[in-house]
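Undergrad: Here's a structure for you.
Residue numbers (the working numbering), protein chains in the order written: chain A, 1 to 134; chain B, 1001 to 1134.
Given below as structure tokens:
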């Protein structure tokens, strides 16, 4: 089963409010809300756009994966997330093709969305997330 | 006027066929076609997905901007393109907010699409393209 659509493109930034001065105030992408996510130690600005979304992600600790990425590479495009119908089927299909997965089995967010990350080694350098919405 | 939707996310790769072995063969994103674009010295695989598109871009010379980016940063997410209704209005709005533009006025592709790039300096590190389709 192919992916259905782009769910979101995530941009890692130093500071969400500063980034919003471009994405919201200058460019005009509507802001839905900003979430202070303690589990992942990031603030996330959700900016729905058509059937997809732009997410601005700012770490608020220094030891998370996102914080280390920001420290090493600077702000910019961070990951691409695609919607799939059947995340277990998608992961099985990828494993059968020897694709390296960061999450071998789906994890679940508080809202019930199941997700898994595919390792950039297998995608040509792209951190890829797959979502199956409830 | 806010942007309408994500038009495409562009991924720079060493070789389009090798990248397709992941994106098409393993993940299952349908390939529309591969274009050998002499003007920009890149091969581009167009992979429509929902209302958006994934584009795999491989330079075939060593002196283009994309080739230099690939040599410096390696393969991965390259730029984000958003559709707008009125590209001249969007550029005027950005200029009024002191946003740095790579293209101060829209350029036109052979298919009539007008486009302009916004400098990563102003977006928090993201090379951003705006499209106005004909």
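For every residue, glycine included, the Cβ atom is placed at its ideal position computed from N, Cα and C.
Because the structure is a prediction, the values reported are computed rather than measured.
Hey, residue 47(A) and residue 31(A): beta-carbon distance below 7 Å or not?
TA: Stepping through the first chain from its first residue, residue 47(A) is reached at position 47. Stepping through the first chain from its first residue, residue 31(A) is reached at position 31. Going by C-beta atoms, residue 47(A) is nearer than 7 Å to residue 31(A).
Undergrad: With DSSP collapsed to three states, give me the class of residue 1088(B).
TA: The residue labelled residue 1088(B) in the question sits at position 88 within the second chain. Of the three classes helix, strand and coil, the one that applies to residue 1088(B) here is helix, per DSSP.
Undergrad: Answer with yes or no whether the minimum CB distance from residue 1094(B) to chain D is below 7 Å.
TA: Protein chains in the displayed structure are A and B, and chain D is not among them.
Undergrad: Buried or exposed: where does residue 1016(B) fall if 16 or more other Cβ atoms within 10 Å of its Cβ makes it buried?
TA: One-based indexing of the second chain puts residue 1016(B) at position 16. It counts as buried.
Undergrad: Can you tell me where the alpha helix (DSSP H) with residue 1065(B) in it begins and where it stops?
TA: Within the second chain, residue 1065(B) is the residue found at index 65, counting from 1. Residue 1065(B) -> alpha helix (DSSP H) spans 1065-1073.
Undergrad: Just curious, the beta strand (DSSP E) that residue 59(A) is in, first and last residue?
TA: Against the first chain, residue 59(A) aligns to sequence position 59. Start and end: 52-59.
Undergrad: Residue 117(A) CB to nearest chain B CB: under 7 Å?
TA: Counted from its first residue, the first chain places residue 117(A) at position 117. No, its Cβ sits nowhere closer than 7 Å to a Cβ of chain B.
Undergrad: Name the DSSP bridge partner or partners of residue 1108(B)?
TA: For the purposes of this step, residue 1108(B) is taken as the residue at position 108 of the second chain. For residue 1108(B), which the question treats as bridged, DSSP gives the partners 1114(B).
Undergrad: Residue 1116(B) and residue 1130(B): beta carbons closer than 7 Å?
TA: What you label residue 1116(B) is simply residue 116 of the second chain in a count that begins at 1. What you label residue 1130(B) is simply residue 130 of the second chain in a count that begins at 1. For residue 1116(B) and residue 1130(B), yes; Cβs fall inside 7 Å.
Undergrad: Taking 7 Å as the threshold (beta carbon to beta carbon), is residue 1022(B) in contact with chain A?
TA: For the purposes of this step, residue 1022(B) is taken as residue 22 along the second chain, with counting starting at 1. Residue 1022(B) counts as touching chain A.
Undergrad: Any residues in the region 1004-1022 of chain B with a beta carbon nearer than 7 Å to a beta carbon of chain A? Which ones, in chain order?
TA: Answer in chain order: 1004, 1005, 1006, 1009, 1011, 1013, 1019, 1022.
Undergrad: How many whole angstroms separate the CB atoms of residue 1056(B) and residue 1011(B), which I take to be in contact at a CB cut-off of 8 Å?
TA: In the second chain, the residue the question calls residue 1056(B) occupies position 56. In the second chain, the residue the question calls residue 1011(B) occupies position 11. Confirmed, Cβ separation roughly 5 Å.
Undergrad: State the CB to CB distance for the pair residue 1080(B) and residue 1003(B), rounded to an integer number of angstroms; the pair is presumed to be in contact (CB under 8 Å).
TA: For this step, residue 1080(B) is matched to residue 80 along the second chain. For this step, residue 1003(B) is matched to residue 3 along the second chain. Rounded, the Cβ-Cβ distance is 10 Å, inconsistent with contact.
Undergrad: Tell me which residues share the same chain as residue 85(A) and place their Cβ nearer than 8 Å to its Cβ, disregarding the 5 neighbours each side in the sequence.
TA: Numbered from 1 along the first chain, position 85 holds the residue referred to as residue 85(A). Cβ neighbours of residue 85(A) beyond the five flanking positions: 1, 4, 132.
Undergrad: Which partner residues does residue 39(A) have in the DSSP bridge list?
TA: Your numbering for residue 39(A) matches position 39 in the first chain. According to DSSP, residue 39(A) bridges with nothing at all.
Undergrad: Can you find a CB in chain A that lies within less than 7 Å of the CB of residue 1026(B)?
TA: In the second chain, counting from the first residue as 1, residue 1026(B) sits at position 26. Interface residue, yes.
Undergrad: For the region 99-115 of chain A, list every residue whose C-beta sits within 8 Å of some C-beta in chain B, in sequence order.
TA: From the region 99-115 of chain A, only 99 have a Cβ closer than 8 Å to chain B.
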